[in-house]
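Residues in the sequence shown are numbered consecutively from 1, following UniProt numbering.
Glycine included, each C-beta is placed from N, C-alpha and C at the ideal position.
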Amino acid sequence: MRRRSENRPVLIARPVIVALGLLLAGFGSTSIAGATPATDVTRETQVTSPLGSVTLSLRSPQQFIEAKCLFIPLEIAWQRRPDVTVVGELTVRRPGSSVSNADSFVLARSEPATGNYTDYVYVCPADGPGPYVLSGTASFIGSDSTDVAEFPAMAFTVTQARTSITGFSLSRSGSRIVASGSAVIARDGIAAGGIVVIAVREPGSSVWANVAVPEVGPKGAFSVRIAPALAAGTWVRAQVLKCKWCTGARAYARVR
Numbered sequence: 001m002r003r004r005s006e007n008r009p010v011l012i013a014r015p016v017i018v019a020l021g022l023l024l025a026g027f028g029s030t031s032i033a034g035a036t037p038a039t040d041v042t043r044e045t046q047v048t049s050p051l052g053s054v055t056l057s058l059r060s061p062q063q064f065i066e067a068k069c070l071f072i073p074l075e076i077a078w079q080r081r082p083d084v085t086v087v088g089e090l091t092v093r094r095p096g097s098s099v100s101n102a103d104s105f106v107l108a109r110s111e112p113a114t115g116n117y118t119d120y121v122y123v124c125p126a127d128g129p130g131p132y133v134l135s136g137t138a139s140f141i142g143s144d145s146t147d148v149a150e151f152p153a154m155a156f157t158v159t160q161a162r163t164s165i166t167g168f169s170l171s172r173s174g175s176r177i178v179a180s181g182s183a184v185i186a187r188d189g190i191a192a193g194g195i196v197v198i199a200v201r202e203p204g205s206s207v208w209a210n211v212a213v214p215e216v217g218p219k220g221a222f223s224v225r226i227a228p229a230l231a232a233g234t235w236v237r238a239q240v241l242k243c244k245w246c247t248g249a250r251a252y253a254r255v256r
């Protein structure tokens, strides 16, 4: 029998700039998105005892994919005496913070003496991206003796989901300009987190003025009428801000 505990319910990178150029009917538009994560590697930690051994491994970096807890596959491999039960107690911590996410596993005597399977540890959006450390102990409980061994700490990284603003365009509604687009996670096309802020920069000025914070739909779509009348040559910017689990993103369009 294998058991794992999930002590928190599911809750609702360093940028490489990617630029796209679009020409939309009467308006110019450019989009700037966040970065893809670095190539991943396997991290590993192991404990050994006269009663057996357990090896834990996972891939790093991991990446948030939505505004829910990220469950990270943890490979568990073991060898032990047939009469030994193994109880693992694990904790994921973020250095310098109070984040402490606990999990556990049990390898009962009914399990094969040698084997492996996939369990999970987790990091939630409120915990934030950055460096993490997995640590814990394995208790070997035999019919004639017991032993407790401590896993060496295993470091890994969690990165933000990559955000982009797609289809950003300007249209006219009477004398006003309407800014529309979608703020999405590039990997899956789901809505980004945080907020979208619309700003304008008038011709000859270097100052951006925030003019609107549109509602963002469940699939990331937004559309907002800009209150000030905008002169030809005015730049309009859409920007994703305040998303803890996803990158920021910007898109620009110019009134013609």
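V106 versus F71: straight-line alpha-carbon distance, rounded: Your numbering for residue 106 matches position 106 in the sequence shown. Your numbering for residue 71 matches position 71 in the sequence shown. Going from the Cα of V106 to the Cα of F71 covers about 18 Å.
Any beta strand (DSSP E) of 3 or more consecutive residues that is wholly inside the segment 88 to 134: 100 to 107 and 114 to 123
Taking E150 as part of the beta strand (DSSP E), name the residues at either end of that continuous run. Sequence index remark: in the sequence shown, residue 150 carries index 150 (1-based). First-last of the beta strand (DSSP E) with E150: T146 to T159.
Have a look at I76 and P125 and give me their C-alpha separation to the nearest angstrom. Sequence index remark: in the sequence shown, residue 76 carries index 76 (1-based). Sequence index remark: in the sequence shown, residue 125 carries index 125 (1-based). Using only the alpha carbons, I get a separation of about 25 Å.
I'd like the span of the beta strand (DSSP E) that includes A179, first residue to last. Locating residue 179 in the sequence shown gives position 179, counting from the first residue. Run containing A179: R176 to I185, per the beta strand (DSSP E) assignment.
Look at Y252 and F168 and say whether their C-beta atoms are less than 9 Å apart. Against the sequence shown, residue 252 aligns to sequence position 252. Against the sequence shown, residue 168 aligns to sequence position 168. Yes; because the gap between Cβ atoms is below 9 Å, this pair is in contact.
Can you tell me where the beta strand (DSSP E) with L56 in it begins and where it stops? On the sequence shown, position 56 is the one that residue 56 refers to. Its beta strand (DSSP E) spans residues G52 to S60.
Is D127 near R94, with beta carbons less than 9 Å apart? Here residue 127 refers to the residue found at position 127 when the sequence shown is read from its first residue. Here residue 94 refers to the residue found at position 94 when the sequence shown is read from its first residue. Yes, these two residues count as a Cβ contact at 9 Å.
The beta strand (DSSP E) enclosing W235, as first and last residue numbers: Within the sequence shown, residue 235 is the residue found at index 235, counting from 1. Taken as a continuous stretch (DSSP letters only), the beta strand (DSSP E) holding W235 covers W235 to L241.
If you drop the 5 nearest sequence neighbours on each side, which residues of the same chain put their C-beta closer than 7 Å to that of I209? Position 209 of the sequence shown, counted from the start, is the residue given in the question as residue 209. Checking the displayed sequence, the identity of residue 209 turns out to be Ala instead of Ile. Excluding residues within five positions, the ones whose Cβ falls inside 7 Å are A199 and V200.
Taking the straight line between their C-alpha atoms, what separation do you get for A35 and I185? Locating residue 35 in the sequence shown gives position 35, counting from the first residue. Locating residue 185 in the sequence shown gives position 185, counting from the first residue. Model confidence at A35 stands at a pLDDT of 48, short of 50, so the residue's coordinates are unreliable; what they give is reported in the following sentence. Distance between the alpha carbons of A35 and I185 is about 11 Å.
With DSSP run on the structure shown, which of helix, strand or coil describes C246? The sequence position of residue 246 within the sequence shown is 246, counting from 1. If DSSP states are grouped into helix, strand and coil, C246 belongs with the strands.
Please state if the CB of S100 and the CB of T91 are separated by a distance shorter than 9 Å. For this step, residue 91 is matched to residue 91 along the sequence shown. For this step, residue 100 is matched to residue 100 along the sequence shown. Taking 9 Å as the Cβ cut-off, T91 and S100 qualify as a contacting pair.
Which partner residues does S49 have in the DSSP bridge list? Translated into the one-based positions of the sequence shown, residue 49 becomes position 49. Looking at the DSSP assignment, S49 forms a beta bridge with G52.
Taking Cβ positions, are L74 and S57 nearer each other than 9 Å? To locate residue 74, count along the sequence shown from 1; it is residue 74. To locate residue 57, count along the sequence shown from 1; it is residue 57. Taking 9 Å as the Cβ cut-off, L74 and S57 qualify as a contacting pair.
Which one or two residues does DSSP pair with I76 in a beta bridge? For the purposes of this step, residue 76 is identified with residue 76 of the sequence shown, where counting begins at 1. The partner list for I76 (beta bridge, DSSP) reads L56 and Y117.
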